[in-house]
Amino acid sequence: MSDTHTSVFLNAADFGFSPEASGIDNASALQKAVDQGGTIVVSQTGTYKTAKTVYVGSDTTIIFGNGVFIKKVDEQGPFTHVILNKGALTRTYDHNIVIDGLHIIVNNIDVRKFDVYGLHGQLAFFYIKDLRINRFRCMDIGTKQYGIHVCTFEDIIIDDVAIKGDKDGVHLGRGKRFTIRNGVFQTLDDAVALNAHDYSVGNPELGWIEDGVVENCHDLDTEHKTGYFSRIIAG
Numbered sequence: 498m499s500d501t502h503t504s505v506f507l508n509a510a511d512f513g514f515s516p517e518a519s520g521i522d523n524a525s526a527l528q529k530a531v532d533q534g535g536t537i538v539v540s541q542t543g544t545y546k547t548a549k550t551v552y553v554g555s556d557t558t559i560i561f562g563n564g565v566f567i568k569k570v571d572e573q574g575p576f577t578h579v580i581l582n583k584g585a586l587t588r589t590y591d592h593n594i595v596i597d598g599l600h601i602i603v604n605n606i607d608v609r610k611f612d613v614y615g616l617h618g619q620l621a622f623f624y625i626k627d628l629r630i631n632r633f634r635c636m637d638i639g640t641k642q643y644g645i646h647v648c649t650f651e652d653i654i655i656d657d658v659a660i661k662g663d664k665d666g667v668h669l670g671r672g673k674r675f676t677i678r679n680g681v682f683q684t685l686d687d688a689v690a691l692n693a694h695d696y697s698v699g700n701p702e703l704g705w706i707e708d709g710v711v712e713n714c715h716d717l718d719t720e721h722k723t724g725y726f727s728r729i730i731a732g
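The number in the working numbering is simply the position in the sequence shown, starting from 1, with 497 added.
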């Protein structure tokens, strides 16, 4: 007998996730879908407003289809993360999470507020094992938040990303076994930051980054701005 909690495909629209809904309603609807675990699909094209963080737990895949955009909006005050793993709040490992096709529109909701002190990503994970992020897009990163931020991890793959803006594209804190590949960046700050040590506000934990590969990633030039492709700070 199969376990429906981890094997069934769920359509987020069945929970009320819709391009016509408010940001509060959409965040609540997607949270209800994600709480079921398994594979959640957002298939209808359109721009979906979201006004608060969605927390994802273990054994969960979220697939955003082609033409789906997730737009941050301020309906009850600015917020930091579009998606954050549940275990980040208690420093408890989550495992087996896949985020596929997420295209975030920051919409100037770029803040220095912390659910977890030092964790900045629009898409963020802290205490995570077996994470895969595919086809991530964010073309309006601001000056305060990173595109993707992962800290205290084991076994992560970040594949096929495009990130543009004024802060770090992919920012890793301490962890082991990672692959970042097939990325195109145009960032004022680091395209890829491997910061085992960091400013106190730059990562929630410090330590070592071990056993990683960065391949086929490109940082495009920007007029009158000099950023860095990669900053590596040892533990």
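Backbone N, C-alpha and C fix where the C-beta goes; we use that ideal spot for every residue, glycine too.
Computed from a predicted model, the values in this text were never measured in an experiment.
Could you tell me how far apart the beta carbons of Q619 and I601 are, in whole angstroms, since I believe they sit closer than 8 Å?
5 Å
Using a Cβ-Cβ cut-off of 6 Å (strictly less than) and excluding sequence neighbours within five positions of F561, which residues of its own chain qualify?
V539, G598, L599
Boundaries (first-last residue) of the beta strand (DSSP E) holding G662:
645-662
Proximal residues to L703 (C-beta, below 8 Å), its chain only, five neighbours per side dropped
G670, R671, A693, H694, D695, G732
Between H715 and V681, how many whole angstroms is the CB-CB distance? I'm expecting something under 8 Å.
5 Å
Extent of the continuous alpha helix (DSSP H) to which G520 belongs:
520-531
Could you give the residue range of the beta strand (DSSP E) that holds E572?
No beta strand (DSSP E) contains E572, which DSSP labels as neither H nor E.
Could you pull the start and end residues of the beta strand (DSSP E) that Q642 belongs to?
No beta strand (DSSP E) contains Q642, which DSSP labels as neither H nor E.
DSSP puts H715 in a beta bridge; with which residues?
V681
When the Cα of T544 is compared with those of F514, D532, I729, which residue comes out closest?
F514
Under the three-state reduction of DSSP, which class applies to A585: helix, strand or coil?
helix
When the Cα of D657 is compared with those of I638, D665, R634, which residue comes out closest?
R634
Tell me which same chain residues have a C-beta within less than 8 Å of the C-beta of F576, skipping the five on either side of it?
A548, K549, T550, K569, I606, V608, K610
Given N582 as reference, the closest of D571, I567, T558 once Cα atoms are compared
T558
Of the listed residues S525, Q533, D637, V710, nearest to F675 (C-alpha basis):
V710
Tell me whether the beta-carbon of G615 lies closer than 7 Å to the beta-carbon of V698.
yes
The beta strand (DSSP E) enclosing K546, as first and last residue numbers
543-547
Contact check, L628 vs I645 under 8 Å by CB: the rounded distance?
Actually they are not in contact, since the Cβ atoms of L628 and I645 sit about 10 Å apart, beyond 8 Å.
Please say whether T649 and D663 have beta carbons closer to each other than 7 Å?
no
Taking only three categories from DSSP, how would you classify A509?
helix
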